[in-house]
Amino acid sequence: MIKIVADSSTLYSREEAKQNDLDIRPLSVTINNKSYKELEELTTEGLVEMINEGYFPSSSQPSIGDVVEMYEKYPNEEIINISLADGLSGTYQSACMAKSMVDHEENITVINSKTLCGPHRYLVDVAVKLVEAGKTKSEVVSEIESLIETSTSFLIPKDFDYLVRGGRLSPLVGRIGGLVKLVPVMTLSEDSTRLEKFATKRTFKKAIQAICDDLIAKGVNDEYKIYISHACDEELAMETKDIIIKNIGSIETEVMLLTPVFTAQGGPGCIAVQAIKKHDILK
1 MIKIVADSST
11 LYSREEAKQN
21 DLDIRPLSVT
31 INNKSYKELE
41 ELTTEGLVEM
51 INEGYFPSSS
61 QPSIGDVVEM
71 YEKYPNEEII
81 NISLADGLSG
91 TYQSACMAKS
101 MVDHEENITV
111 INSKTLCGPH
121 RYLVDVAVKL
131 VEAGKTKSEV
141 VSEIESLIET
151 STSFLIPKDF
161 DYLVRGGRLS
171 PLVGRIGGLV
181 KLVPVMTLSE
191 DSTRLEKFAT
201 KRTFKKAIQA
211 ICDDLIAKGV
221 NDEYKIYISH
231 ACDEELAMET
241 KDIIIKNIGS
251 IETEVMLLTP
261 VFTAQGGPGC
271 IAVQAIKKHD
281 ILK
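Note that the numbering used here numbers the sequence shown so that position 103 is 103, with each residue one more than the last.
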């Protein structure tokens, strides 16, 4: 048997994951000197309330002990751990270290998804369906690794401070950007290890237009799925969806709420736009 496991970058809670034959370990948020496992001990709405009270959050990956415990639940199964992008978090490295700490490490394969959130969720969904279809472990790994290369991601924060504190922008650029009310667009770097500046626009609509232009240039069409994730601003997410469909045409889109960890990183009200090519097994 093959077991697919991952972390809550997939936007899955542990309970929701069980219903999809997944095992998920949650990332954590520390705020007001207390650490919370996301989607178990803290909701996105709860985090935003605390931020509005003046507290600033930080995030962390699942503990190595938590991952070891997960691996040890499946001593007689082949395990495929599809992890949050290496470089954006220590989650991948923790998953690899935990693998070396269990007796059946030869049965565990850790995949660097090179992505996060929507496409990460899509990858684990595809992996589960491939297992159900009777694919071997090597076949599942091969198909997931091919799919990973089709993913692209953008982030539009509402507040430069979260990017500055996270080291994504210099304090000077953040101050200037805030004063002139620019809309920054970040994208996942080519090696998928960091966020980097993609564009700076005067309005939100122009920022989404720039994202659409880039997606079209990369060949994104109805063979892809687009995820629009938001940090408690569904109205802005729906506006984003309308602009994308107007520019790209009839393309499958899904609007989702970001988890506390990614709200901590991008700030309340941030919008993520991500695309990944669809696999036949989920069409």
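Beta carbons are placed, not taken as given, at the ideal position from N, Cα and C, and that holds for glycine.
Per DSSP, the unbroken beta strand (DSSP E) holding N81 starts and ends at E78 to S83. Distances from the alpha-carbon of I281 to those of E239, I144 and E254 put I144 closest. Burial check for Q19: the Cβ neighbour count within 10 Å stays below 16, so the residue is exposed. In the displayed model, S142 falls within a helix according to three-state DSSP. For L195, the enclosing beta strand (DSSP E) covers residues L195 to K201. For the segment 50-138, the continuous alpha helix (DSSP H) assignments of 4+ residues that do not extend past its boundaries occur at 64-72, 91-99 and 117-132, in sequence order. The way I'd put it, the segment 139-154 does touch the segment 106-114; three or more beta-carbon pairs between them come closer than 8 angstroms.
Cα atoms of E132 and K73: separation of roughly 20 angstroms, rounded to the nearest angstrom. In this structure, the alpha-carbon of A98 lies about 9 angstroms from that of D66. Assigned with DSSP and collapsed to three states, P184 falls in strand. Collapsing the DSSP output to three states places D191 in coil. In the displayed model, L147 falls within a helix according to three-state DSSP. The beta carbon of E78 sits closer than 6 angstroms to the beta carbons of I2, N107 and K137 from its chain, once the five residues preceding and following it are set aside; these are given in chain order.
Of the candidates R25, A85, Y55 and L88, the residue whose Cα lies closest to the Cα of V68 is R25. Each residue's CA atom was taken as its position, placing G269 and K129 some 33 angstroms apart. An exposed status is given to S35, since fewer than 16 other beta-carbon atoms sit within 10 Å of its beta-carbon. Here DSSP, grouped into helix, strand and coil, assigns I251 to coil. A direct Cα-to-Cα measurement between M101 and S94 gives close to 11 angstroms.
Between the beta-carbon of I243 and that of I216 there is about 13 angstroms, and that puts the pair past the 8 angstroms contact cut.
Looking at G54, L257, L39 and H279, the one whose alpha-carbon comes closest to that of P62 is L39. Within the segment 7-41, the complete beta strand (DSSP E) segments at least 3 residues long are 23-25, 28-31 and 34-37, listed from N- to C-terminus.
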